[in-house]
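Residue numbers (the numbering used here), protein chains in the order written: chain A, 65 to 514; chain B, 65 to 514.
Written below as structure tokens is the structure these notes are about.
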């Protein structure tokens, strides 16, 4: 993508808008590739966006809304008149139109639906939650009957034109609407003209139920290398298809969710473009949650308060023990969370990764313990100080490996997101545990430290 | 995917292997969907894998190697005789065969290439680094000339059979091999039989250079919703195409890389299945790097060592200040790294996210500072202690927002991976800075604390 071209276009649009020349601004926008227009459009103020959109051709406006992020699309869609909004929604892919309708106030959505010509394509999509197969699917696909022959199927394709989102597969449905097979265009073209569709269709269809979670859908599509996934109901009736661009979006959204949750940002809809108010409202509760675990760790330390009056050095090194435990735990946590997300850990095989992570923890604990303990001894000249740092580090890094592995596995076993809350729980253990071990050891060795 | 079916099959294979019945074991494996066979096969010992593979039909073995992770495929491939390996490689998709050849010892690869029939399809792919467009592309695609008509193009398709990885697009190349257009099968079918390919081909081709980084390729394919991306050289000559399954793999690999790097696991090839030795070798250096920053923070504390003899309470609360700074920094860091990965921050617009994150930091800093400071005051009954905790927390959380935002942006500006080293650098600042601010404030207020 040519960032410079986009940046220049944004400048051009800004200048045109300052002199009130909307037409020139729209022309500049339209010269970009459709996929790039959204980036330039997003960069404008809401006021300018609302001023430009009604001046665009309907197909251009529809393309633009499809490319924008869902919340941005909804924000600008509600500025349109109901009539214009209905026309634009008619022109959009049904799944994208349904997303907009789901994100604007219900009253506006109802008005727009009443005005739409193709409302019946969109209405079935509105009933599924966003993060399910039904929420991802589109109704823009081609069905044929199994009793057609190849030549009739090709004639049918010629009739219905090119305006379909999934043009390379034909879905074969029987009279009841049951999905019975799939035909790729490649096979249709090389089939004998008089061969029946049912004789060369692929009957080994991988389909998903409309209420399946989007993460599982993405896993299936990626596992079986599918560009399109048909969606059926409990009776096997074809309801829609999920296209590969949705697969990519889901994979990216799920990765964002994991990265965010490991970093105590609980809401994956949050982005650097979210308002300060929204960001604080979502992020602050998790900082408060972390405060509680931090204060609990402080309470652990306070039980050893009189130690510091005798050996102030302990205050210098206690955080090394907890910090290194946290780092080691984060390593295990990230690897387990990622393995769970990619489906690399199956139900029966949770013991093996645990044993491996503990073995890694033992080796890393001993290595870090010896090196850092020796460093502390050389620095402060107190062998017993070095010894308790070594022991505490080794113990805490082993604990870190255990909890960093067990917590996400346990959350998954409880049907919770393994990434959510993992780092809070793990930090609580490595912090409080680390302080208790280090200061407890110091109490035992106190006569040698003073 | 039916995990239970896979688990049952693994059991069946194990039992068959115990009684030395290789044929039964292979039959059980082959009853699974090709995409599921790899999971069952991976679960076997290397010895059993090596025993089973030569007994499989060549196409089954080829499918299996395609589905295995690259390193696993290479490990089992080298157990084959050179002749059998060459046959299997001939049957594989050229890009997957090239991956195997790149991962086995060069001498074995040269022997296998010499025996292969289709070596000329694979050899051009061997010269590109794994993580470039050239490293991802396959040579299995269909080219046609612009001067053919639609009917001739369809006849040509009938001739060449179905064994092509990218069957839904035809690449139009001129006599020099330049990519001049693309024709989707949908448009070919509905074109008039005598219409020339050049009259209905899509000339607005988005292609990528063979040396382009895979992350950028994935961004382009995802931005323009491409299922296939042609790869050209500097002169515009078509070299290969990248298919959507590679896009999915790259997106997942890049997300893994970011999650790992934020967690101080520098090597995204590492997985929970990696050996303990490899895991420790890759992870331990980053723990040692973290040790250095932890010891630096300890040195900062050691400058205030005599404080603790007078006010032991400081040792109780100092980690709260640094811990909360670390948590706040991690939130900003994750959001900026993710925004950079998804291309949401363009070159010119780095000031806006910085200002936003700082604003969020100020609000969160004040909120956490007031609440936790008040809590400490109520707990320990010392108002000045509460005050310095409040001030230090607020200051450290603001610093956290600034460095959590600036460090990844700066790394990107220096053409470094924004995720790598970010958390080490950021932790170093929030730890050392947090201790210095808290203990510095305590020094100032010392008379009020004792």
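Where a beta carbon is used, it is the ideal one built from N, C-alpha and C, also for glycine.
Bear in mind that the values here come from a model prediction, so they are computed numbers and not experimental data.
The C-beta distance from residue 116 of chain A to residue 254 of chain B rounds to 35 angstroms, too long to fall under 8 angstroms, and the pair is not in contact. Here residue 164 of chain A is near residue 141 of chain A, since their CB atoms are less than 8 angstroms apart.
Residue contact check for residue 293 of chain B against chain A: no CB pair falls below 8 angstroms. As a beta-bridge residue in DSSP terms, residue 292 of chain B pairs with B:307.
Counted as a single uninterrupted DSSP element, the alpha helix (DSSP H) harbouring residue 470 of chain B occupies residues 447-477.
Of the candidates B:370, B:105, B:277 and B:325, the residue whose Cα lies closest to the Cα of residue 75 of chain B is B:105.
Of all alpha-carbon atoms in A:297, A:261, A:349 and A:279, the one lying nearest the alpha-carbon of residue 215 of chain A is that of A:261. Proximity of the segment 286-293 of chain A to the segment 302-322 of chain A meets the contact definition, three or more beta-carbon pairs being nearer than 8 angstroms. Rounded to the nearest whole angstrom, the C-alpha separation of residue 436 of chain A and residue 342 of chain A is 43 angstroms.
In the DSSP annotation of this structure, residue 220 of chain A is not part of any beta strand (DSSP E); the continuous alpha helix (DSSP H) holding it starts and ends at 214-224.
For the segment 212-239 of chain A, the set of residues with a beta-carbon nearer than 7 angstroms to any beta-carbon of chain B comprises 218, 221, 222, 226, 231 and 232, in chain order. Against chain A, the CB of residue 408 of chain B has a partner CB under 8 angstroms away; the residue lies at that interface. Within chain A, 312, 315, 316 and 319 have C-beta atoms less than 8 angstroms from the C-beta of residue 315 of chain B, given in sequence order. Listed along chain B is no residue with a C-beta nearer than 8 angstroms to that of residue 258 of chain A; the closest approach is about 15 angstroms.
Under DSSP, the beta-bridge partners assigned to residue 235 of chain B are B:207 and B:246. The residues 328, 488 and 491, in chain order, have a CB closer than 8 angstroms to that of residue 354 of chain B in the same chain once the five nearest residues on each side in sequence are set aside.
Taking a C-beta cut-off of 8 angstroms against chain B, none of the residues of the segment 145-179 of chain A qualify.
Beta bridge pairing from DSSP links residue 260 of chain A with A:213. In this structure residue 110 of chain B is exposed. Its beta-carbon is surrounded by fewer than 16 other beta-carbon atoms within 10 angstroms. Residues of chain A with a Cβ closer than 9 angstroms to the Cβ of residue 369 of chain B are, in chain order, 376, 377, 379 and 380.
Residue pairing from DSSP places residue 273 of chain B in a beta bridge opposite B:296. Sequence-ordered contacts of the segment 413-429 of chain A with chain B read 417, 420, 423, 424, 427 and 428 [C-beta pairs closer than 7 angstroms]. Note that the segment 265-283 of chain B touches the segment 198-210 of chain B; at least 3 beta-carbon pairs, one per stretch, sit closer than 8 angstroms. Using beta-carbon distances, residue 248 of chain A counts as an interface residue toward chain B, with a partner under 8 angstroms. Contact of residue 388 of chain A with chain B by beta-carbon distance below 8 angstroms involves 351, 354, 355 and 358. In the three-state reduction of the DSSP assignment, residue 196 of chain A falls in the strand class. Each residue's CA atom was taken as its position, placing residue 97 of chain B and residue 136 of chain B some 19 angstroms apart. Taking residue 322 of chain B as the centre and dropping the five residues before and after it, the same chain places the C-beta of 401, 402, 405 and 483 closer than 8 angstroms to its C-beta, in chain order. Relative to the Cα of residue 131 of chain B, the nearest Cα in the group B:398, B:103 and B:80 belongs to B:103. At a Cβ-Cβ threshold of 8 angstroms, residue 99 of chain B and residue 73 of chain B do not count as neighbours. At least one CB atom of chain B sits nearer than 8 angstroms to the CB of residue 399 of chain A. With respect to chain A, the C-beta atom of residue 448 of chain B has no partner C-beta closer than 8 angstroms. Burial check for residue 170 of chain B: the Cβ neighbour count within 10 Å stays below 16, so the residue is exposed. Not a single CB atom of chain A sits nearer than 8 angstroms to the CB of residue 263 of chain B. Within the same chain, 454, 457 and 458 come within 6 angstroms of residue 433 of chain A by CB-CB distance, once the 5 residues on both sides are set aside.
The three-state reading of DSSP puts residue 132 of chain B in coil, since its state is none of H, G, I, E or B.
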